[in-house]
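In the numbering used here, the protein residues as written are 2 to 273. For every residue, glycine included, the Cβ atom is placed at its ideal position computed from N, Cα and C. Small disclaimer: the values here were computed from a predicted structure and weren't measured.
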């Protein structure tokens, strides 16, 4: 039997009716974390660009997501995006590849992350651990994705753990947690707040954490105030930092105000 003569898996057929459609808050991923067997490596995490929870199926997907979620040109991220079955069947026939299936039923091919960029072509990202690339079937499935997205005019990229250092990964997770902070003290920051805190430690040669702690005492602030404001500002891309160096080792002189802060001066910034 030809692949084109096989029926679609009933579960996938049902999901296609409501998932993989829309964008931003309205988008719903084809696969959700509670629908797969997991060893503790799946995550639901709020996106700063989409303003909705994202379903990520591995720690590596989390790392890739955080990189693109922080990128200043990112408009939206769609995870677990389903490719049209008609297109993937056609691609498989052309490449001489067996279409993904289970128990004789066709399975929908998904792309881990689809990044929509401001004033640029989109980017489709397949997230895989390097050791998985030794499996020929995995490589074949990646070929299906690559051909599909190139047909759509998107750039297609393969993201492995070799693309990100341990320091960058730790920094991104630390900064993302700042966006999740529900403390009312940091819910809304003005440009003046950020500039004031920055001026207090600007140019110091000591560790940022040490100086911020000293400033809390000096200005009779709640413990953690200065580092909290700074962390929020960095997470909002208003202060530049050396991401290749883990945040615990940053000195005050490593930080600088970004152009973004200058452009929005006088505007109240909500970075929650």
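Residue j beta carbon less than 8 Å from that of residue i
| i | j | result |
| --- | --- | --- |
| residue 25 | residue 64 | no |
| residue 249 | residue 105 | no |
| residue 114 | residue 128 | yes |
| residue 83 | residue 9 | no |
| residue 22 | residue 58 | no |
| residue 94 | residue 56 | no |
Proximal residues to residue i (C-beta, below 6 Å), its chain only, five neighbours per side dropped
| i | result |
| --- | --- |
| residue 241 | 257 and 259 |
| residue 232 | 179 |
| residue 205 | 212 and 253 |
| residue 112 | 82, 125 and 146 |
| residue 44 | 57 and 63 |
| residue 150 | 125 and 157 |
| residue 20 | 29 and 31 |
Three-way DSSP call (helix, strand, coil) for residue i in this model
| i | result |
| --- | --- |
| residue 170 | helix |
| residue 183 | Reliability of the predicted coordinates at residue 183 is poor, the pLDDT of 49 falling under 50, and no value is obtained from them. |
| residue 165 | coil |
| residue 81 | strand |
| residue 199 | helix |
| residue 53 | coil |
| residue 129 | coil |
| residue 7 | coil |
| residue 91 | helix |
| residue 102 | strand |
| residue 16 | helix |
| residue 1 | It is not possible to answer for residue 1, since the shown part of the chain is limited to 2 through 273. |
| residue 143 | helix |
| residue 31 | coil |
| residue 211 | helix |
| residue 22 | coil |
| residue 233 | helix |
| residue 110 | coil |
Length of the line joining the Cα atoms of residue i and residue j
| i | j | result |
| --- | --- | --- |
| residue 169 | residue 160 | 15 Å |
| residue 54 | residue 30 | 10 Å |
| residue 191 | residue 130 | 41 Å |
| residue 134 | residue 211 | 44 Å |
| residue 324 | residue 123 | Missing from the structure shown is residue 324; the chain here goes from 2 to 273 and no further. |
| residue 221 | residue 214 | 11 Å |
| residue 247 | residue 42 | 23 Å |
| residue 226 | residue 201 | 13 Å |
| residue 3 | residue 89 | 14 Å |
| residue 109 | residue 217 | 54 Å |
| residue 78 | residue 5 | 31 Å |
| residue 145 | residue 62 | 20 Å |
| residue 91 | residue 148 | 11 Å |
| residue 11 | residue 103 | 11 Å |
| residue 154 | residue 116 | 13 Å |
| residue 156 | residue 48 | 22 Å |
| residue 289 | residue 176 | In the structure as shown, the chain begins at 2 and stops at 273. Residue 289 is therefore absent and cannot be evaluated. |
| residue 173 | residue 34 | 21 Å |
| residue 27 | residue 46 | 16 Å |
| residue 60 | residue 136 | 20 Å |
| residue 14 | residue 36 | 15 Å |
| residue 167 | residue 251 | 15 Å |
| residue 121 | residue 132 | 32 Å |
| residue 138 | residue 171 | 32 Å |
| residue 152 | residue 219 | 60 Å |
Close Cβ partners of residue i (< 7 Å) along its chain, the five nearest in sequence each way excluded
| i | result |
| --- | --- |
| residue 118 | 74, 75, 76 and 124 |
| residue 86 | 9, 107 and 109 |
| residue 203 | 253 |
| residue 207 | 252 and 253 |
Cutoff 8 Å; reference residue i; Cβ partners in own chain excluding five residues on either side
| i | result |
| --- | --- |
| residue 255 | 209, 242, 243 and 246 |
| residue 165 | 64, 65 and 68 |
| residue 199 | 231, 234, 240, 256 and 258 |
CB contact check: residue i to chain C, cutoff 8 Å
| i | result |
| --- | --- |
| residue 11 | Annotation note: the requested chain C is absent from the structure, which comprises a single protein chain. |
Touch test, the segment 189-203 against the segment 237-253, Cβ-Cβ under 8 Å, three pairs minimum: Counting C-beta pairs closer than 8 Å gives three or more between the segment 189-203 and the segment 237-253, which meets the contact rule.
Sufficient close CB pairs (3 or more, under 8 Å) joining the segment 58-75 to the segment 92-99: In this structure the segment 58-75 does not lie against the segment 92-99, because fewer than three pairs of beta carbons, one per stretch, are closer than 8 Å.
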